[in-house]
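Trainee: Before anything else, here's the structure in question.
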Amino acid sequence: MRMVDLIAKKRDGKELTTEEINFIINGYTKGDIPDYQVSAFAMAIYFKDMTERERADLTMAMVNSGETIDLSAIEGVKVDKHSTGGVGDTTTLVLAPLVAALDIPVAKMSGRGLGHTGGTIDKLEAIEGFHVEITKDEFVNLVNKHKIAVIGQTGNLTPADKKLYALRDVTATVDAIPLIASSIMSKKIAAGSDAIVLDVKTGAGAFMKTAEDAKELAHAMVSIGNSVGRKTMAVISDMSQPLGVAIGNALEVQEAIDTLRGQGPKDLEELCLALGRQMVFLAKKADSLEEAEEMLKEVMRSGKALEKFKEFIANQGGDPAVVDDPDKLPKAAYQIELPAREDGMVAELVADEIGTAAMLLGAGRATKESEIDLAVGLMLNKKIGDKVKAGESLMTIHSNRENVDDVIEMLYANIRIADHAEAPVLVHDIVT
Ligand code: URA
Ligand code: CA
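Heads up: the sequence shown is residues 6 to 437, going by the working numbering.
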């Protein structure tokens, strides 16, 4: 087989065989096929697309390029949730204990990474003593006994995806549905769960800016998952404005506690129920999505979900008293209000730019070396569609530096007030 012939085949719009796709991904991972040929191949895919079969083969070739996680020592159907990334997305912190409270195993492997705020692990580390440096055996034992544990990312998963993603980044081939879908799904499949629930975001703060593109990506990923034996469902949700009211690490832990208590922001609760019911259904604990949703509401009402969160914190070295005493979370030195400059209704809160403002305060990492300040961030007092009077606070800035003029300027540039505005639809679609 020669790579040049396979590039030509895809360039001419023909379908590649499983063997041909394996040849390309194996050769690329080993370094036998050079970047310039894979660049041309990625561009050919960009223009000619891939069939569903080719997409599934590409995904599995990337899964098999490195190590995979074996969760077979954990009893029950393991369901993982993945979000394509948003601003102030507190769903994992809520969903993990919520679903575990229904005896569904939550074996979460998580990273830190770059972003507007830290990742799930950083957020949990806002709880004093909480740590994820546990052994694989401890992890498995905790999930079997308590149905919930989080461990830091280990192992060399999907090296082919790492290499290909970096190459796409510099060859204008990131925005191709078959490549995005196989990239995301390869990582989820290598992480070992039996079923996958996807939260595909759309809007200013999302990778997919339009609902149509998000829908196409969701269908592509659901099709890949189901055709390789991992039951997959998706929710397409709004990320034109930040989710919930908190953006920041400790602030989002508090928001998750409030939501588990049934007293959180309504949009965050709605999305957690939309994702959670798919998780419960795929874990075979309910016969319909409606029944699954009722079960989730019941563990919120009864306090069982909140108890599960306490248990989870204590198991991993944290102080569970934080759940009943917000003063135990790190607190920023300054709380600065951002007043509205006119009367009207909030028409825009540009999600990604507001996320960047939170990062400027220190809530997230700009580079791998940056230190995160767990206490800082933003609390939204108004969301799109809310009425506001001049002088009323739009947001509270939680900062450890006194002068936040740069943040204020950035926020005002990304908040629009108009005579009339309506709250955006949160759940655009579900793909099952
Ligand atoms: N996120 C990924 O992990 N891969 C892509 O290709 C795009 C977004
Ligand atoms: Ca939030």
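Glycine included, every Cβ here is placed at the ideal spot set by N, Cα and C.
If contact is defined by three or more beta carbon pairs under 8 Å, each pair taking one atom from either stretch, is the segment 90-98 in contact with the segment 131-140?
Mentor: No, they do not touch.
Trainee: What would DSSP say about Arg406, mapped onto helix, strand or coil?
Mentor: The count along the sequence shown starts at 1 and reaches residue 406 at position 401. Reduced to three states, the DSSP call for Arg406 is coil.
Trainee: How would the residue list near ligand 1 read, in chain order, if you kept each one whose beta-carbon is closer than 5 Å to any heavy atom?
Mentor: Qualifying residues come out as Ile185, Ser188, Ile189.
Trainee: Can you tell me which of the three DSSP states Pro183 falls into?
Mentor: Taking the sequence shown and counting its residues from 1, one reaches residue 183 at position 178. If DSSP states are grouped into helix, strand and coil, Pro183 belongs with the helices.
Trainee: DSSP has Tyr339 in a bridge; who is on the other side?
Mentor: Position 334 of the sequence shown holds residue 339. In the DSSP output, where bridge partners are listed per residue, Tyr339 has Ser404.
Trainee: Alpha carbon to alpha carbon, how far is Ser198 from Asn69? Give it in angstroms, no decimals.
Mentor: By 1-based counting over the sequence shown, the position of residue 69 is 64. By 1-based counting over the sequence shown, the position of residue 198 is 193. Each residue's Cα considered, the two are about 15 Å apart.
Trainee: What is the DSSP secondary structure of Thr22, counted as helix, strand or coil?
Mentor: Within the sequence shown, the letter at position 17 stands for residue 22. Thr22 falls in the coil class under three-state DSSP.
Trainee: Measuring only the C-alpha atoms, how far is Ile422 from Gln268?
Mentor: Against the sequence shown, residue 422 aligns to sequence position 417. Against the sequence shown, residue 268 aligns to sequence position 263. Cα to Cα, the separation comes out at about 27 Å.
Trainee: For the beta strand (DSSP E) holding Ile420, just list the boundary residues, first then last.
Mentor: Position 415 of the sequence shown, counted from the first residue, corresponds to residue 420. From DSSP, the beta strand (DSSP E) with Ile420 extends over 420-423.
Trainee: Quick one: what's got a C-beta closer than 7 Å to Asp108's C-beta in the same chain, skipping five residues either side?
Mentor: As a first step, residue 108 is located in the sequence shown; it is residue number 103 there, counting from the start. Closer than 7 Å at Cβ, skipping near neighbours: Lys152.
Trainee: Looking at the unbroken alpha helix (DSSP H) that takes in Asp142, where does it start and where does it end?
Mentor: Reading the sequence shown from its first residue, position 137 is the one you call residue 142. First-last of the alpha helix (DSSP H) with Asp142: 141-151.
Trainee: State the Cα-Cα distance for the pair Lys309 and Leu222, rounded to the nearest angstrom.
Mentor: Residue numbering aside, residue 309 sits at position 304 when the sequence shown is read from its first letter. Residue numbering aside, residue 222 sits at position 217 when the sequence shown is read from its first letter. Looking at the two C-alpha atoms, the distance is approximately 35 Å.
Trainee: Could you please give the first and the last residue of the uninterrupted beta strand (DSSP E) stretch that includes Lys6?
Mentor: Translated into positions along the sequence shown, residue 6 becomes position 1. Here residue 6 is Met; the residue named in the question, Lys, does not match the sequence. It is not in any beta strand (DSSP E) - Met6 carries neither H nor E in the DSSP assignment.
Trainee: Pull the bridge partners of Ala200 from the DSSP assignment, please.
Mentor: Residue numbering aside, residue 200 sits at position 195 when the sequence shown is read from its first letter. Partner(s): Val84, Lys236.
Trainee: Check each residue's C-beta against every heavy atom of ligand 2 and list, in chain order, those closer than 7 Å.
Mentor: My final list is Gly93, Asp94, Thr95, Pro247, Leu248, Gly249, Val250, Ala251, Ile252, Glu257, Glu260, Leu273.
Trainee: For Ala186, which option in Ile435, Asn146, Ala261, His87 has the closest C-alpha, if you only look at C-alpha atoms?
Mentor: If you number the sequence shown from 1, residue 186 lands on position 181. Measuring from the Cα of Ala186, the nearest candidate turns out to be His87.
Trainee: DSSP on His224, reduced to helix/strand/coil?
Mentor: As a working mapping, residue 224 is identified with position 219 in the sequence shown. His224 falls in the helix class under three-state DSSP.
Trainee: Measure the alpha-carbon distance for Val9 versus Thr207 and round it to whole angstroms.
Mentor: Your numbering for residue 9 matches position 4 in the sequence shown. Your numbering for residue 207 matches position 202 in the sequence shown. Roughly 37 Å separates the two Cα atoms.
Trainee: Counting C-beta neighbours from all protein chains within 10 Å, is the total for Leu315 16 or more, i.e. buried, or is it exposed?
Mentor: Here residue 315 refers to the residue found at position 310 when the sequence shown is read from its first residue. Rather than Leu, the amino acid found at residue 315 in this sequence is Lys. Buried, by the Cβ-count rule.
Trainee: Where does Lys113 fall in DSSP's three states?
Mentor: In the sequence shown, the residue the question calls residue 113 occupies position 108. In this structure, Lys113 counts as strand in the three-state DSSP scheme.
Trainee: Is the separation between the beta-carbon of Ala395 and that of Asp424 shorter than 7 Å?
Mentor: Working through the sequence shown from its first residue, we reach residue 395 at position 390. Working through the sequence shown from its first residue, we reach residue 424 at position 419. No, they are not a contact pair.
Trainee: On the CB-based measure, 16 or more other CB atoms within 10 Å of its CB, does Met6 come out buried or exposed?
Mentor: The residue labelled residue 6 in the question sits at position 1 within the sequence shown. Classification of Met6: exposed, given that the 10 Å Cβ count is below 16.
Trainee: Please report how far the alpha carbon of Ala131 lies from the alpha carbon of Ala66, in whole angstroms.
Mentor: One-based indexing of the sequence shown puts residue 131 at position 126. One-based indexing of the sequence shown puts residue 66 at position 61. So the alpha carbons of these two residues sit roughly 38 Å apart.
Trainee: Put Pro344 into one of helix, strand or coil per three-state DSSP.
Mentor: Position 339 of the sequence shown, counted from the start, is the residue given in the question as residue 344. Of the three classes helix, strand and coil, the one that applies to Pro344 here is strand, per DSSP.
Trainee: Where does the unbroken beta strand (DSSP E) through Ile435 begin, and where does it stop?
Mentor: One-based indexing of the sequence shown puts residue 435 at position 430. Ile435 -> beta strand (DSSP E) spans 432-436.
Trainee: Quick test of your reading: Ile402 and Leu343, contact by CB under 8 Å. State the CB separation rounded to the nearest angstrom.
Mentor: Numbered from 1 along the sequence shown, position 397 holds the residue referred to as residue 402. Numbered from 1 along the sequence shown, position 338 holds the residue referred to as residue 343. About 6 Å separates the two Cβ atoms, so the contact holds.
Trainee: Label Thr264 either buried or exposed according to how many other C-beta atoms from any shown protein chain fall within 10 Å of its C-beta, with 16 as the threshold for buried.
Mentor: Along the sequence shown, read from residue 1 onward, the residue named residue 264 stands at position 259. Looking at its Cβ environment, which holds 16 or more other Cβ atoms inside 10 Å, Thr264 is buried.
Trainee: Alpha carbon to alpha carbon, what distance is there between Lys313 and Glu376?
Mentor: Position 371 of the sequence shown holds residue 376. Position 308 of the sequence shown holds residue 313. One C-alpha to the other measures close to 30 Å.
Trainee: Do the segment 17-24 and the segment 55-62 touch if we need at least three Cβ pairs shorter than 8 Å?
Mentor: The segment 17-24, when compared against the segment 55-62, does touch it at the 8 Å Cβ threshold.
Trainee: Report the residue ranges of all alpha helix (DSSP H) runs contained in full by the segment 19-64; include only those spanning at least 4 residues, in chain order.
Mentor: Here the runs fully enclosed are 23-35, 40-53.
Trainee: Could you tell me whether the Cβ atoms of Gly249 and Val104 are closer together than 7 Å?
Mentor: As a working note, residue 249 is residue 244 in the sequence shown. As a working note, residue 104 is residue 99 in the sequence shown. No, the pair does not count as a contact, with Cβ atoms beyond the cut-off.
Trainee: Under the rule that 16 or more other beta-carbon atoms within 10 Å means buried, what is Asp127, buried or exposed?
Mentor: Locating residue 127 in the sequence shown gives position 122, counting from the first residue. Classification of Asp127: buried, given that the 10 Å Cβ count is 16 or more.
Trainee: Quick one: what does DSSP say Lys302 is sitting in, helix, strand or coil?
Mentor: Along the sequence shown, one-based indexing puts residue 302 at 297. Helix, per DSSP.
Trainee: So Gly390 packs on Met350, CB below 8 Å; how close in whole Å?
Mentor: Translated into the one-based positions of the sequence shown, residue 390 becomes position 385. Translated into the one-based positions of the sequence shown, residue 350 becomes position 345. Right, the Cβ-Cβ distance comes to about 7 Å (below 8 Å), so this counts as a contact.
Trainee: Along the chain, where does the alpha helix (DSSP H) containing Met364 start, and where does it finish?
Mentor: What you label residue 364 is simply residue 359 of the sequence shown in a count that begins at 1. Where Met364 is concerned, the enclosing alpha helix (DSSP H) stretches over 356-366.
Trainee: Between Ala368 and Gly210, is the Cβ-Cβ spacing less than 7 Å?
Mentor: The residue you call residue 368 lines up with position 363 of the sequence shown. The residue you call residue 210 lines up with position 205 of the sequence shown. Not closer than 7 Å, so no.
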